[in-house]
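In the numbering used here, the protein residues as written are 89 to 409. For glycine and all other residues, C-beta sits at the position ideal for the given N, C-alpha and C.
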Ligand SMILES: NC(=O)c1ccc[n+]([C@@H]2O[C@H](COP(=O)([O-])OP(=O)(O)OC[C@H]3O[C@@H](n4cnc5c(N)ncnc54)[C@H](O)[C@@H]3O)[C@@H](O)[C@H]2O)c1
């Protein structure tokens, strides 16, 4: 490489990722913490590559990146990038395909177990001196032999099924793009008709992208089909569940509970009714942010940039536009 490539790191990443650039004579980098639009517009102009976390990159900003060749996402979603501009300007989008599936799958288990075992209620009962009232508490539930539906059987869905089978759950999978043979090879049963299947599910976990087909897919129409003890978890993308309908379904006891790591607006607006609904367990879009996963993502994000300029970035890391 003749001239040093300039890499913009939008929002801090793990030091072990930065170290890869520090140790490589072909690159120079700048870390930007303040990602307001004017700063982005000025900084994007002369960078060759970019590490991107949650900052939004709309067309008006991306179009100014005349030298920009690669956007390397710290994660696997890329809904904060303008795909039309990427295509038009031939900008490669890379994702961290190997870093975060386990972290998200574990987070789903944190949510399922916390909801089944009524974590907050039990904890509060002891702290408030009501230990002796324990027989008045509503019962807790087991995961053993429960039917779980995994919607979306990609990297995270495939990691989740292993954990479900470890808990001896019956696993069903809805993913129109994955064959019965593949699903069965992982120990699951393929579901052809999502709506029909819901009446049999104790738990549902969402792991597909948000797009025109999946936006508000889980709405009152589907909640009405679910079992009263059903728990739904969304650690995929906000907006796949209609939040007002979910709140209504919980209030009408159509389903038992929900775990949400993602929201249609992030952070959720203060008048979002789910913030006041104690049948919902909330987390601030952190499913992939374990210490271990932050490090893996930091390293993979930067390695993808280096590999791109060395012309050896694997096809599996590149988003097909
Ligand atoms: N909460 C977090 O911190 C976090 C972290 C990582 C990923 N995610 C999100 O999790 C989701 C899954 O990530 P992944 O790495 O497993 O993605 P992936 O691309 O490996 O898998 C997605 C799967 O969804 C399937 N799919 C597409 N449309 C579908 C539909 N209409 N119904 C059912 N299945 C459908 C695809 O066939 C694919 O198998 C993405 O939305 C991603 O953005 C969230």
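Which residues bound the beta strand (DSSP E) around residue i?
i           : result
residue 308 : Run containing residue 308: none in the beta strand (DSSP E); it sits in the alpha helix (DSSP H), 308-311.
residue 346 : 345-348
residue 328 : Residue 328 -> no beta strand (DSSP E), and no H or E assigned at all.
residue 174 : Counting along the chain, residue 174 falls outside any beta strand (DSSP E), though it belongs to the alpha helix (DSSP H) covering 171-176.
residue 180 : 180-182
Where do the ends of the alpha helix (DSSP H) carrying residue i lie?
i           : result
residue 332 : 331-339
residue 125 : 125-131
residue 392 : 379-397
residue 199 : 189-204
residue 209 : 207-215
residue 429 : Summary: the structure shown does not reach residue 429, with the chain confined to residues 89 through 409, and so no result is reported for it.
residue 305 : It is not in any alpha helix (DSSP H) - residue 305 carries neither H nor E in the DSSP assignment.
residue 91  : Here residue 91 belongs to no alpha helix (DSSP H), and DSSP marks it neither H nor E.
residue 109 : 103-110
According to DSSP, what are the bridge partners of residue i?
i           : result
residue 258 : 235
residue 280 : Answer by DSSP bridge pairing: none, since residue 280 is not bridged.
residue 370 : 348
residue 97  : 119 and 139
residue 161 : 140
residue 322 : 294 and 348
residue 145 : 169
residue 406 : 182
Determine, for residue i, whether the minimum Cβ-Cβ distance to residues of chain B falls below 8 Å.
i           : result
residue 382 : As a matter of chain content, chain B is missing from the structure shown, which is built from one protein chain.
Which residues in the same chain as residue i place their Cβ atom closer than 7 Å to its Cβ, once the five residues preceding and following it in sequence are excluded?
i           : result
residue 244 : 189, 192, 193 and 295
residue 228 : 204, 205 and 206
residue 93  : 114, 115, 136, 137 and 397
residue 129 : 149 and 152
residue 247 : 189, 190 and 193
residue 119 : 97 and 100
residue 315 : 287, 289 and 290
residue 317 : 290 and 344
residue 405 : 182, 183, 185 and 392
residue 112 : 394
residue 109 : 95, 115, 117 and 390
residue 134 : 94 and 155
residue 305 : 328
Please list, in chain order, all residues of the same chain as residue i whose beta carbon is under 6 Å from its beta carbon, the five residues on each side excluded.
i           : result
residue 303 : 327
residue 337 : 311 and 343
residue 367 : 338 and 345
residue 161 : 140 and 183
residue 144 : 168
Leaving out five residues on either side along the sequence, give the residues of the same chain with a beta carbon under 8 Å from the beta carbon of residue i.
i           : result
residue 409 : 171, 174, 175 and 181
residue 415 : As displayed, the chain neither begins before 89 nor continues past 409, which places residue 415 out of reach and without an answer.
residue 226 : 206 and 209
residue 201 : 207 and 231
Report yes or no: do the stretch 366-376 and the stretch 188-204 share at least 3 C-beta pairs separated by less than 8 Å? yes
Under 8 Å, with one C-beta from each stretch per pair, do the stretch 278-296 and the stretch 255-267 reach the 3-pair mark? yes
How do the stretch 317-331 and the stretch 346-361 stand: do at least 3 beta-carbon pairs fall below 8 Å, yes or no? yes
Please confirm if the stretch 98-115 is in contact with the stretch 379-393, defined as three or more CB-CB distances below 8 Å between the two stretches. yes
Three or more C-beta pairs below 8 Å linking the stretch 235-243 and the stretch 251-263: yes
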